[in-house]
Ligand SMILES: [Zn+2]
């Protein structure tokens, strides 16, 4: 277990384990018929996720590991100050880091520069388990830098950080999966966790719907801060961005340069106000 945590091998296990589980559920319990062939969609998004992971690992991987080791060694951060115990550390970190991720996700929608990066994720015209790995490299790098700053202030242990990352990764795959939990289980699960139904609304091409349901693991943040949207006609949601409505608009090469492209002078909130 220690070797897996230190080397980061668990990231590989979680990513491909989740892909296998939710991918199998999509095959047997597919909710919506995809626009594009499942194989093509999987290959594109998995290629993006794998290349992002490899580039981050090769360029800054060892620096990030050394950084978190130094924080733990020198007892930096709030949790290190209070010494609350391993389990309390894990539970508090799961809640607090999920809240911070909610705020950070909202910032990606509300700040024009950040929206340029995040819209690569939202340009997906089909939403399935692989959409969880479809992020522009610049967003991955920026989020990683942001987490390092939060880690400096919060001071989670290595295991708490690993549990949070694993939970967040699996939650992302689950809520993007092209499946639907039958009622009443969907409504019950949604009381605490983000479900596919709740998150797919966030991928709607309608601005008001995109600018809602920012929560990642726990659904409570959207309810607490008034960003929660509930839809009954999920089948009518059109996924993606109105600026990029065709599959040819969101091919690999176009995704790489999308942050520099057209229609990105305004954040989603600014555009929603003006439309
Ligand atoms: Zn988003």
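In my numbering, the protein residues as written are 53 to 327.
Ideal Cβ placement from N, Cα and C applies to all residues, glycine included.
- For residue 203 and residue 115, the gap between their C-alpha atoms comes out near 14 Å.
- DSSP places residue 198 in the helix class (H, G or I) of the three-state scheme.
- Judged by the Cβ position, residue 126 fails to qualify as a neighbour of ligand 1 at the 7 Å threshold, every heavy atom of the ligand being at least this far.
- Per DSSP, the beta bridge partners of residue 293 are 296.
- Residue 119: member of the alpha helix (DSSP H) spanning 114-125, first to last residue.
- Residue 152 holds the alpha-carbon nearest to the alpha-carbon of residue 200 among 232, 263 and 152.
- Cβ neighbours of residue 307 within its own chain (closer than 6 Å, five residues either side excluded): 172.
- An exposed status is given to residue 278, since fewer than 16 other beta-carbon atoms sit within 10 Å of its beta-carbon.
- For residue 183, the secondary structure class from DSSP, reduced to helix, strand or coil, is helix.
- Beta bridge pairing from DSSP links residue 83 with no other residue.
- Between residue 154 and residue 268, the C-beta gap is smaller than 8 Å, which places the two residues in contact.
- Residue 245 is bridged by DSSP to 270.
- Ligand 1 never approaches residue 154 closely enough for any of its heavy atoms to be under 7 Å from the residue's Cβ.
- Distances from the alpha-carbon of residue 253 to those of 244, 263 and 245 put 263 closest.
- DSSP, reduced to helix, strand and coil, places residue 99 within a helical segment of the structure shown.
- Burial check for residue 158: the Cβ neighbour count within 10 Å reaches 16 or more, so the residue is buried.
- Nearest Cα to residue 192 within the set 64, 146 and 103: 103.
- Rounded to whole angstroms, the separation of the alpha carbons of residue 167 and residue 294 is 14 Å.
- In this structure, residue 177 and residue 87 form a Cβ contact; the two beta carbons are roughly 5 Å apart against a cut-off of 8 Å.
- Within the DSSP secondary-structure output, residue 256 pairs in a beta bridge with 291.
- Inter-residue distance for residue 196 and residue 241 is about 29 Å (C-alpha atoms, whole angstroms).
- Beta-carbon to beta-carbon, residue 83 and residue 265 are separated by about 17 Å, too far to satisfy the 8 Å threshold.
- The three-state secondary structure of residue 208, taken from DSSP, is coil.
- Counting the other Cβ atoms within 10 Å of the Cβ of residue 78 gives 16 or more, which makes it buried.
- Residue 138 and residue 205 have their alpha carbons spaced roughly 18 Å apart.
- Relative to ligand 1, residue 160 has its C-beta within less than 7 Å of a heavy atom.
- Under a 10 Å Cβ-count criterion, residue 228 is classified as buried, with 16 or more other Cβ atoms of the shown protein chains found around its own Cβ.
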